[in-house]
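J.:
Residue numbers (the working numbering): 777 to 876.
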């Protein structure tokens with residue numbers, strides 16, 4: 777069932793773009809905090825600025841990606857940071873290669 781949620785989440789160009797950027801966050805986002813973008817993730821506000829959508833739409837897209845287990849959220853103070861869930865992505869890649 778998880779694979780169906782992943783396919784649904786990936787069926788949107790903006791959500792796909794977010795995953796692409798988060799693969800190498802230091803290349804796409806400004807690092808102006810003490811937070812390690814590789815280990816902790818990228819702040820919602822930075823993702824929203826980069827994607828150019830409203831805060832609510834960006835948050836909704838991040839929620840869909842998180843529900844599909846493609847993103848891991850970490851809350852620090854009042855900020856939420858997102859990074860890719862590489863284990864889920866590897867399992868999905870394996871599913872496509874072996875079972876699909």
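Just so you know, even glycine gets a beta-carbon here, dropped at the ideal spot from N, CA and C. The model shown is predicted, which means the values in this text are computed figures rather than measured ones.
Please name the residue or residues paired with residue 855 in a DSSP beta bridge.
T.: 852
J.: Just verifying my parser: in three-state terms, what is the DSSP assignment at residue 818?
T.: strand
J.: Determine the direct distance from the alpha carbon of residue 832 to that of residue 822, and round the result to whole angstroms.
T.: Each residue's alpha carbon lies about 14 Å from the other.
J.: Do you know whose CA, among 846, 837, 820 and 815, lies nearest residue 855's CA?
T.: 820
J.: Note down the Cα distance separating residue 811 from residue 817, rounded to an integer number of angstroms.
T.: Cα-Cα distance, rounded: 8 Å.
J.: For residue 847, list the residues DSSP reports as bridge partners.
T.: 860
J.: Taking Cβ to Cβ, would you say residue 781 is nearer than 8 Å to residue 844?
T.: yes
J.: Rank 839, 805 and 847 by C-alpha distance to the C-alpha of residue 860 and give the top, closest one.
T.: 847
J.: Could you compute how far the alpha carbon of residue 834 sits from the alpha carbon of residue 827?
T.: Between the alpha carbons of residue 834 and residue 827 lies a distance of about 8 Å.
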